[in-house]
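Asker: The following block contains the structure, expressed as structure tokens.
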Amino acid sequence: MYSYKRVKVTNPISEWNERYVLSIDNHEEIMEALAHFCKKQKIKAGVVEGIGAISEATFRFLDPATRKYVDQTFLEQMEITNLTGNISEKDKEPYLHIHLTCSRRDYTCVGGHLLSARINGACELLVTDFGLTKLKRRFDEETGLNLYDF
Numbered sequence: 000m001y002s003y004k005r006v007k008v009t010n011p012i013s014e015w016n017e018r019y020v021l022s023i024d025n026h027e028e029i030m031e032a033l034a035h036f037c038k039k040q041k042i043k044a045g046v047v048e049g050i051g052a053i054s055e056a057t058f059r060f061l062d063p064a065t066r067k068y069v070d071q072t073f074l075e076q077m078e079i080t081n082l083t084g085n086i087s088e089k090d091k092e093p094y095l096h097i098h099l100t101c102s103r104r105d106y107t108c109v110g111g112h113l114l115s116a117r118i119n120g121a122c123e124l125l126v127t128d129f130g131l132t133k134l135k136r137r138f139d140e141e142t143g144l145n146l147y148d149f
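If you read the sequence shown in numbering that gives the first Met the number 0, its first letter stands for residue 0, the second for the next number, and so on.
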């Protein structure tokens, strides 16, 4: 499903950062593999960034008027030009808030809030574990979003 290497980060401000270089296997689904990794490593708060290539992606767009997501799937080979997001916890499970920008064959880009994406080539991620015991989410009625619960 994936392979990884743990990298100790020397940080003059704090010593609790732990980083992982993560490679998700070809044809795997990014969100499933990343959630599995976070659960296995007990990462409850952190950030993720990366690049790679995919053959399909489903993005979500929040319509503020209805506070509901509208999904759109793209079934084509694309390069991940930027994957960025954060890791927290909701209902005692990893909660991934990931945004993805992808370039198409004609060099235009699509992207947004990532629901799912299937690797077709490589997916190389850098995951930083904040080392916090947890960073929770709560549903906000006004926005329709799962916001941080500090």
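Note that CB positions come from ideal geometry on N, CA and C, so glycine has one too.
#1: Q76 to I118, Cα distance in whole Å?
#2: Let me confirm a value: Y19 is counted as buried when at least 16 other C-beta atoms fall within 10 Å, else exposed. Which label applies?
#3: Buried or exposed: where does Y106 fall if 16 or more other Cβ atoms within 10 Å of its Cβ makes it buried?
#4: I need the DSSP call for Q40, collapsed to helix, strand or coil.
#5: With distance defined between alpha-carbon atoms, name the residue in E48, N145, K135 nearest to T100.
#6: In three-state terms, what does DSSP make of M0?
Answerer: Short version:
#1: One-based indexing of the sequence shown puts residue 76 at position 77. One-based indexing of the sequence shown puts residue 118 at position 119. Their Cα atoms are separated by approximately 9 Å.
#2: Along the sequence shown, one-based indexing puts residue 19 at 20. Classification for Y19: buried.
#3: Looking up residue 106 in the sequence shown gives position 107. Burial call: exposed.
#4: For this step, residue 40 is matched to residue 41 along the sequence shown. It is helical.
#5: Translated into the one-based positions of the sequence shown, residue 100 becomes position 101. Nearest option by C-alpha distance: E48.
#6: Taking the first residue of the sequence shown as 1, we reach residue 0 at position 1. The answer is coil: DSSP assigns M0 none of H, G, I, E or B.
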